[in-house]
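In terms of our numbering, the sequence shown opens at residue 1 and continues consecutively.
Each residue gets a CB set at the ideal place from its N, CA and C atoms; glycine is no exception.
Keep in mind it's a predicted model, so treat the numbers as computed, not measured.
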Amino acid sequence: MPYRITPRNTLIASSWLITLAIGLLVGRKSVSNPDFTDGTGISLPAKPPHDSRSLDSPSYIADAKKIGRRKITEGSISTANEEAIHQTMIELSDVLNIGNRIERTRQMISFIDRIDNSELADIVENFSESGWVDYNRSEFSMLISAWMDRDPFTAIAFLDENETDGWTRKTAISAWAADSPEEAANAIRGLEDSGEVNDWVVGLIEGMARNDPEGALRALKDIEDRNTRNQAIREILPEVVIRGVEFAGKWIEQIQDPKLQRDTAKRLASSLARRDPASASDWIRNMTTVATRRDASEVVSEIYAQQDLDGAKLWAESLPQETMTEAAQGVAKYLARKDPEEAATWLRGLGNDPDLDGARIRFLQETGQKDPQTALENVSTLSRPKDQERYYRDILKRWHKTDGNAAIAWATQNSDFLPEKALKGILPKPKKKRKQKE
C-alpha cells in the first residue's frame, strides 16, 4: 500500500521542525566515571551476570540481592523504601530468569504494570548498573518505553544526568518522538552527548521517521554534526524501504548534500533490491541525479544478477550509457564467478567505452584465480596501459605460484605484446655465458 501524506503528518512536521531547527545543539561534554558509588566514596563497578536463562540460575538473583540494597538516588532514603526497592529488583530478576522468551515478555509487561512511577528511576539505574542490559536489551527497552510513556520529562532528565549509554538515550527519545515529535524535540533541546554522535538527536529522528520519514529528513538539514546526521539518516531508511520504490525515489531526491545523497542511495539500493530487484531497477531508471543513479545502479545490479541474471543483463544494457557502465560492474562480478567466458563475451559486447574499465576490472579480479588464461586474454580490453601492465603482472605472478609451467608457457607464447615488467620474474632468466680462459 503506497504511503500517503496526511494533513496530520504535515501539521506535525511543520510545527515541530521549527523547534528542532532553533533548539538542538549537538555538543560534547566530559563523562563522569560510570562506576557506581554507594555514597561513601567507594566505587562499585558493574558486574555482568552469567548469561543464563534457566529457572534455577543464581545469576540474576544474586545480583538483585546486592544492588537492591544500594542507595541509588541522591540523598537518603528510608529503610522501608530501600527494602521495597530490594524486593522489586528480586521480583525483576525472577522475570529475567524465565527461559521462554514469550512468557518472559508476558511477565515483563505484568511487572511493569505493577510498579509505581516513583520506582522507575531506581529500577532503571539498578538494571543498568548491574550489567543486565547487555543480556536483556528487549526487557530494558520495554522498561524505558514505559517510563517515557508515564513521565517522559523526568525520564529524560534522569538519563541525561545518570546514563551515558547512547543506546538507552536513543531508545528513550525514539519511543516518545514516534507519537509526540514536537514535545520530544522540546524536551531534548540543548542536551549534549559525549559520544561520537548525539544519540538524543538520532533517537528523535528515528522516532519521527516511523510516521513521517519526509519530515525526519527535513529536520536533518539543520544538524551541523556530520556523524550525527549520517547516523540519523540511516535510522530513517527502514521506514523508507517499507513504503516502496515510488516513495523512495521522491525521498532520496530531497537530500541536498551530493555525497550524502549518493551514500544514502547505495544503502537504500541494497535494501530495496533484496526485497524486489525488478522494482529497484525501475527506481534506478527514474532517478534524475546522474551521480546518484550511477552509484546505486552498481549495488542493485549485483543483487539483481544473483536472483535473475538474464533480467539483470537486459536491464543494465537498457540504461543510459553513463549508468550502464556502472550497472555492468555488478553483473560482471557475478557472471564472472558463474561463467568467465560468458562474462568476457558479454563485456566485449557492451562496446569500448573507457568507463567500462570498472566492470572489466571486476571481471579480472573474479576470474584471475579461477581461470587465469581467460582473464589474461581480456586484460587488453582495459583502456589504460598502466592498468594493463598491472593486471598482466599480477595475474601471471599468481598463476605462476599455482601452476608455474602453464604460466611460463602462456607468457612465452605471448611475449611479443606483454609488458616487460609482466615478463620479469615469470620467464626463466637466460644463463650467463662463462668467459673462456686465455
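Here the C-alpha atom of residue 377 lies approximately 10 Å from the C-alpha atom of residue 364. The C-beta separation of residue 251 from residue 217 comes to about 7 Å, placing the pair in contact by the 8 Å criterion.
Annotated as distal: residue 395 and residue 358, with beta-carbon spacing of 7 Å or more. If you look at residue 148, you'll find it in the alpha helix (DSSP H) that goes 137-150. In the displayed model, residue 289 falls within coil according to three-state DSSP, outside both helix and strand. Residue 198 and residue 260 have their C-alpha atoms spaced approximately 18 Å apart. Here the alpha carbon of residue 238 sits roughly 16 Å from the alpha carbon of residue 170. A distance below 6 Å between beta-carbons, with the five flanking residues on each side excluded, links residue 120 to the following residues of its chain, in chain order: 147.
With a contact defined as Cβ atoms closer than 8 Å, residue 208 and residue 181 qualify at about 5 Å.
CA-to-CA, the gap between residue 332 and residue 227 works out to about 34 Å. In the structure shown, residue 101 falls within a helical segment according to DSSP collapsed to helix, strand and coil. Exposed is the label assigned to residue 254, since fewer than 16 other Cβ atoms lie within 10 Å of its Cβ. Annotation note: the stretch 262-308 contains the following uninterrupted alpha helix (DSSP H) runs of length 4 or greater, listed N- to C-terminal: 277-285, 290-307. Counting the other CB atoms within 10 Å of its CB gives residue 417 a total below 16, which places it among the exposed residues. Judged by DSSP in its simplified three-state form, residue 117 adopts helix. Look at residue 163 here: in three-state DSSP terms it is coil, with no helix or strand label. One alpha carbon belongs to residue 123, the other to residue 150, and they sit about 15 Å apart.
Between residue 172 and residue 155, the beta carbon gap of about 6 Å places them in contact (Cβ cut-off 8 Å).
By the criterion of a C-beta distance shorter than 7 Å, residue 337 is surrounded in its chain by 366, once the five residues flanking it on both sides are discounted. Residue 375 has its alpha-carbon roughly 14 Å from the corresponding atom of residue 346. With contacts defined as CB atoms closer than 7 Å, residue 325 and residue 355 qualify as a contacting pair. Between the stretch 264-272 and the stretch 309-321 there are fewer than three C-beta pairs closer than 8 Å, too few to call the two in contact. Closest by C-alpha distance to residue 362, out of 413, 298, 414, 389, is 298. Taking the Cα of residue 379 as reference, the smallest distance to any Cα among 95, 414, 206 is reached at 414.
A straight-line Cα-Cα distance of about 5 Å links residue 98 and residue 104. In the DSSP assignment, residue 238 falls within the unbroken alpha helix (DSSP H) covering 226-241. Residue 423 sits in a helix when the DSSP states are folded into three classes. Membership of residue 351 in any alpha helix (DSSP H) is not indicated, and neither H nor E is assigned to it by DSSP. Counting other Cβ atoms within 10 Å of its Cβ, residue 110 stays below 16 and is therefore classed as exposed. When the beta-carbon positions are compared, residue 249 and residue 286 come within less than 7 Å of each other. Separation of the CB atoms of residue 400 and residue 407 is rounded to 4 Å, and the pair is thereby assigned contact status at 8 Å. No residue range can be given for residue 191, since it is assigned to no alpha helix (DSSP H) and is classified by DSSP as neither H nor E.
Relative to residue 390, the option among 411, 421, 404, 372 whose CA is nearest is 421. Between residue 322 and residue 290, the C-beta spacing is below 7 Å.
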